[in-house]
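I have placed the structure first, in the form of structure tokens, so that the comments after it can refer back to it.
In the UniProt record's numbering, the protein residues as written are 1 to 340.
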């Protein structure tokens, strides 16, 4: 409520009318009978009314009666009685030969004295803004659909590439070449598994428990022979990670599991266990890959720095983590640790 001081109600009303007429926003001045006292030119231009026909017109008879909504009348009367102002009341203005308009109304009381009170009603047409918002939302949804389709196609393409690599590995005679092709196959599978999960996710967040479980299943199926009794299992908390972080973690798991299968069980050992474990707390996390094999000290093949080791070191550095290798009893434990 705004208290207006003037030498007389007529003078105060004239002052209010002058302010209304000079307003660049659509504004109405309404009396206690809900009749229009004055309107700004912008109101007339925006809604197609003739200024000369507005003074003294009942609000609910304006035009074709489109302003005579019972709820609007009730809110304006509450404003007159000082109960409440109308702030951001939304209404749909429905007129023949016009598209429906969404309006936002604000009403405030100008109180001269006990006998004279006027309401200043400002009107904002937000139809275009809402339409623009809807168009933006539709574009975002369309983009999400296209992104999901792209992720499906990428995942399928990667699966095809992985299959070709595995077929090539089975055909070559060189054991070293076969090993390199298998390693490449598993690296591709790591990304393919991630793409599959992203394709069914509504956000750029990867559920690591599902991701690591699927990844370990794929690696085991491609590198552990049926007659072997080597198990590969993952234990992960309920953490989520962005696609970029999940990609790095998945590649690290792939490299470390490949390393364990290559070095931990020499002479074609038929039994053993490899465990992948991931736990996070806030920004900190620990990813470990451990095995119960012969261990680093007893490995028959010296573990020289190679592509896999370089990949793990580089990915860990990008994640702000360090690589910690320890001798277990038995086996080896490699941890990727990122502090808070």
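Every residue, glycine too, gets a C-beta built ideally from N, C-alpha and C.
Contact under 8 Å by Cβ, residue i with residue j
{"i": "residue 169", "j": "residue 181", "result": "yes"}
{"i": "residue 186", "j": "residue 252", "result": "no"}
{"i": "residue 239", "j": "residue 208", "result": "yes"}
{"i": "residue 13", "j": "residue 118", "result": "yes"}
{"i": "residue 218", "j": "residue 276", "result": "no"}
{"i": "residue 27", "j": "residue 66", "result": "no"}
{"i": "residue 250", "j": "residue 194", "result": "yes"}
{"i": "residue 264", "j": "residue 312", "result": "no"}
{"i": "residue 42", "j": "residue 23", "result": "yes"}
Contacting residues, own chain, Cβ-Cβ under 6 Å from residue i (five flanking each side not counted)
{"i": "residue 307", "result": "Low confidence applies to residue 307: its pLDDT is 46, below 50, so where it sits in the model is not reliable, and the reading given next is rough at best. Contacts found: none."}
{"i": "residue 261", "result": "223"}
{"i": "residue 130", "result": "102"}
{"i": "residue 322", "result": "337"}
{"i": "residue 90", "result": "104"}
Nearest-angstrom Cα separation, counted from residue j out to residue i
{"i": "residue 316", "j": "residue 101", "result": "56 Å"}
{"i": "residue 327", "j": "residue 148", "result": "43 Å"}
{"i": "residue 126", "j": "residue 132", "result": "10 Å"}
{"i": "residue 106", "j": "residue 53", "result": "23 Å"}
{"i": "residue 144", "j": "residue 245", "result": "20 Å"}
{"i": "residue 73", "j": "residue 59", "result": "9 Å"}
{"i": "residue 198", "j": "residue 336", "result": "24 Å"}
{"i": "residue 188", "j": "residue 160", "result": "10 Å"}
{"i": "residue 38", "j": "residue 25", "result": "13 Å"}
{"i": "residue 266", "j": "residue 236", "result": "28 Å"}
{"i": "residue 340", "j": "residue 221", "result": "36 Å"}
{"i": "residue 191", "j": "residue 183", "result": "13 Å"}
{"i": "residue 302", "j": "residue 225", "result": "Unreliable placement is indicated for residue 302, whose pLDDT of 49 sits below 50; the coordinate value is still reported in the next sentence. Going from the Cα of residue 302 to the Cα of residue 225 covers about 24 Å."}
{"i": "residue 152", "j": "residue 196", "result": "7 Å"}
{"i": "residue 157", "j": "residue 137", "result": "30 Å"}
{"i": "residue 20", "j": "residue 110", "result": "13 Å"}
Same chain, Cβ closer than 7 Å to residue i, neighbours up to 5 away in sequence not counted
{"i": "residue 333", "result": "288, 290, 326"}
{"i": "residue 292", "result": "272, 273, 330, 331"}
{"i": "residue 314", "result": "none"}
For residue i, the nearest candidate out of the options (CA to CA)
{"i": "residue 103", "options": "212, 146, 69, 139", "result": "69"}
{"i": "residue 108", "options": "73, 124, 87, 278", "result": "87"}
{"i": "residue 16", "options": "43, 285, 29", "result": "29"}
{"i": "residue 280", "options": "192, 295, 241", "result": "241"}
{"i": "residue 165", "options": "154, 155, 177", "result": "177"}
{"i": "residue 40", "options": "123, 116, 71", "result": "123"}
{"i": "residue 61", "options": "82, 151, 75, 33", "result": "33"}
{"i": "residue 243", "options": "231, 205, 338, 210", "result": "205"}
{"i": "residue 47", "options": "158, 22, 96", "result": "96"}
{"i": "residue 98", "options": "64, 284, 278", "result": "64"}
{"i": "residue 346", "options": "31, 324, 173", "result": "In the structure as shown, the chain starts at 1 and stops at 340, and residue 346 therefore has no counterpart that could be examined."}
Cβ shell of residue i (< 8 Å), same chain only, five flanking positions each side left out
{"i": "residue 92", "result": "100, 101, 102, 103"}
{"i": "residue 35", "result": "56, 57, 58, 59"}
{"i": "residue 282", "result": "340"}
{"i": "residue 77", "result": "34"}
Query raised in the report: Can you list the alpha helix (DSSP H) stretches of 4 or more residues lying completely in the region 234–303, in chain order?
Result: 243–263
**Report entry** beta strand (DSSP E) runs wholly inside the region 77–144, at least 3 long, in chain order
**Finding:** 86–93, 101–111, 117–125
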